[in-house]
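Q:
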Amino acid sequence: MRIFLLLFLLFPLAELALLIKVGGSIGVLPTILLLVISGMAGILLMRLAGFATAWRARERLARGELPEREMLQGLMMAVAGGLLFLPGFLSDVVALLVLFPPTRKLFLGFVGRRVEAQARRQRAFADDLRQQQEDRRGPQRPNVIEGEWERRDK
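Using full-length UniProt numbering, the letters of the sequence shown correspond one by one to residues 1 to 154.
Written as structure tokens, this is what we have:
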């Protein structure tokens, strides 16, 4: 959590420093023009990514498969579009890295491994917790109420 706080504070400062540096090198008007173009590209990318992701997910659902990979790629494309929409060149570079298929594949692999590790940890914790409860109370039996019933039709 601390790393997110650090990034939340340092990222805008780095963006501002880079904007000032680029603005000093190429001028104010070209810098503003580049920011506007990247913002428009971000909006267009978010729209296209949304439609493409929905289409691919619908195709996989029609085949009876879960569209988890397509949804994650669509989310990454939406994040890249949002980063392009943000004013700044550093966010644009990060967005382009997310958009570039080889780096996106690496990032998806990294995220997939982290999710699997987290799921294993949670499963192990749940198993340990269940075992501790059974040790304290003994094996848990299902709640069964025995009785008789009679059907009465009027």
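Think of the CB as a built atom: it goes at the ideal place given N, C-alpha and C, for glycine as much as any other residue.
Every value quoted in this text rests on a predicted model; they were computed, and no experiment measured them.
(1) Val144 by DSSP, collapsed to three states: which one?
(2) Closer than 6 angstroms by C-beta to Ala80: which residues in its own chain qualify, once you throw out the five before and the five after it? Chain order, please.
(3) I'd like the span of the alpha helix (DSSP H) that includes Met77, first residue to last.
(4) In its own chain, which residues sit with a C-beta less than 7 angstroms from the C-beta of Phe85, not counting the 5 before and 5 after it?
(5) So does the segment 15-24 actually touch the segment 61-70, counting three or more Cβ pairs closer than 8 angstroms?
(6) Taking contact to mean 3 or more Cβ pairs, one atom from each stretch, closer than 8 angstroms, check whether the segment 53-60 and the segment 21-35 are in contact.
(7) Compare the beta carbon distance of Ala49 and Gly74 with 7 angstroms and say whether it is the shorter of the two.
(8) Taking the straight line between their C-alpha atoms, what separation do you get for Phe51 and Met76?
A: Reading off the structure:
(1) coil
(2) Ala95, Val98 and Leu99
(3) Here the alpha helix (DSSP H) through Met77 covers Glu68 to Phe85.
(4) Gly39, Gly42 and Ile43
(5) no
(6) no
(7) yes
(8) 14 angstroms
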